[in-house]
Amino acid sequence: MKAQFFILGAILLCSLFFIGLPPGQPLVQSPLQDMDYILQNLEREFPHALNLGLEDENPRQTMEDFTSWVRGLTQNFLLNFSSFWVFAEGDPLTGNVVVSLGNYMGSDMNVNLDLDGDQRNVFVQDGDSQSTTFSSVGSSYDLSVQFGNEARSFTWQRDKVNLFALIELVRGENIARSDVVA
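Those letters in the sequence shown? Residues 0 to 181, per numbering that gives the first Met the number 0, in order.
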């Protein structure tokens, strides 16, 4: 008879223990707030990456390395990262401007450039970059860039390094997207 009371007491204690537990949580959670936080961080870091490349006198390679690193890192957060960037460096002595393009949009693309009426078509593979030089550019110039279904126009200064980057983060049906102009 005592054994029945111990068994009943054990069942009651177990029941109270399991009633007090919080409801089960999924093992993997993906809050949307992290996408905005990461996007804001990338908006600040792309110009810094370009500046580091300029200090090392290899900005295109530095931008490639940085963008590839971000692409790999964001996969750890279950994010698909896409980016397209273009920056222009001018030479005040020769009047030339070197325009560099980086394509990390997920597919190869033709990029149409128009710098003050001088038009160029540059093919850029996914995960790669290309450069082209425009000669005898004025101190201020208009640059139009058409890539994929996107088009942007800028008025930039030859004596300054100018940057445009399109950044996109995707997780499921959620998209965070931003343009960076520096």
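Note that beta-carbon positions come from the ideal geometry of N, C-alpha and C, so glycine has one too.
| task | Out of Tyr103, Asp115 and Leu92, point me to the one whose CA is closest to tryptophan 68's CA. | result | From the listed residues Tyr103, Asp115 and Leu92, the smallest Cα separation to tryptophan 68 is found for Tyr103.
| Would serine 134 be called buried (16 or more neighbouring beta carbons within 10 Å of its own) or exposed? | Residue environment for serine 134: exposed (fewer than 16 other C-beta atoms within 10 angstroms of its C-beta).
| Sequence-distant residues of the same chain with beta carbon closer than 6 Å to asparagine 111, five excluded per side | Residues of the same chain with a CB within less than 6 Å of the CB of asparagine 111, apart from the 5 flanking positions on each side, are Asn120 and Gln145 in chain order.
| field | C-alpha distance - valine 160 paired with glutamine 32, whole-angstrom precision | value | It is roughly 33 Å from the alpha-carbon of valine 160 to the alpha-carbon of glutamine 32.
| Residue environment, tyrosine 140, which counts as buried when at least 16 other CB atoms sit within 10 Å | Tyrosine 140 should be labelled buried.
| field | valine 85 versus glycine 101 - alpha carbon distance | value | Straight-line spacing of the CA atoms in valine 85 and glycine 101 works out to 6 Å.
| query | Do the region 40–48 and the region 57–76 touch if we need at least three Cβ pairs shorter than 8 Å? | reply | Yes: at least three Cβ pairs fall under 8 Å.
| request: Check each candidate in Met34, Leu114 and Phe83 and name the one with the smallest Cα separation from methionine 108. | output: Of the listed residues, the one whose Cα sits closest to methionine 108 is Phe83.
| CA nearest to the CA of glycine 171, picked from Gln74, Thr61 and Thr154 | It is Gln74.
| query | So the alpha helix (DSSP H) methionine 34 belongs to, where does it begin and stop? | reply | From DSSP, the alpha helix (DSSP H) with methionine 34 extends over 32–54.
| request: Ignoring anything shorter than 4 residues or poking outside the region 52–105, list the alpha helix (DSSP H) runs there in chain order. | output: Uninterrupted alpha helix (DSSP H) stretches at least 4 residues long and entirely within the region 52–105 occur at 58–74, given in chain order.
| serine 99 versus glutamine 124: straight-line alpha-carbon distance, rounded | Their Cα atoms are separated by approximately 13 Å.
| Mind checking leucine 72: buried by the 16 CB within 10 Å criterion, or exposed? | With fewer than 16 other Cβ atoms within 10 Å, it is exposed.
| message | Do alanine 175 and methionine 34 count as a contact pair if the criterion is CB distance below 7 Å? | response | Going by C-beta atoms, methionine 34 is nearer than 7 Å to alanine 175.
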